[in-house]
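Numbering (the working numbering), first residue to last: 7 to 81. In this text, a Cβ means the ideal position worked out from N, Cα and C, and glycines have one as well. Each remark here refers to the structure printed beneath this line.
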Amino acid sequence: MKRGEFQNDLRRNLMGLDLSSIKLTDLERRRTEMLMEGMDIKSIAKEEGVSGSSVRGTLCFVDVKVYLHLNTLGR
């Protein structure tokens, strides 16, 4: 996967979704909201003082939850 492709795919999948309909932890919700505001993984990591892999790992969990949610909606 090319640099930035994961976060762009996740943003695309999140468009139009009500985040409250997906069960997310506070950390997952905060990082997802930052991503949706246009920040990239590196910027989120820098702001939170953690590694990029930590942010990416959290967003991978979000990606799976979004995928499962969309499948239950039949999209």
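- Membership of M42 in the alpha helix (DSSP H) is indicated by the continuous run 32-42.
- Within its own chain, the residues whose Cβ lies closer than 6 Å to the Cβ of V72, once the five positions on either side in sequence are excluded, are N19, listed in chain order.
- Residue burial annotation: T78 is exposed, with fewer than 16 other C-beta atoms found within 10 angstroms of its C-beta.
- Taking 8 Å as the cut-off, the Cβ atoms of L16 and L74 do not count as close.
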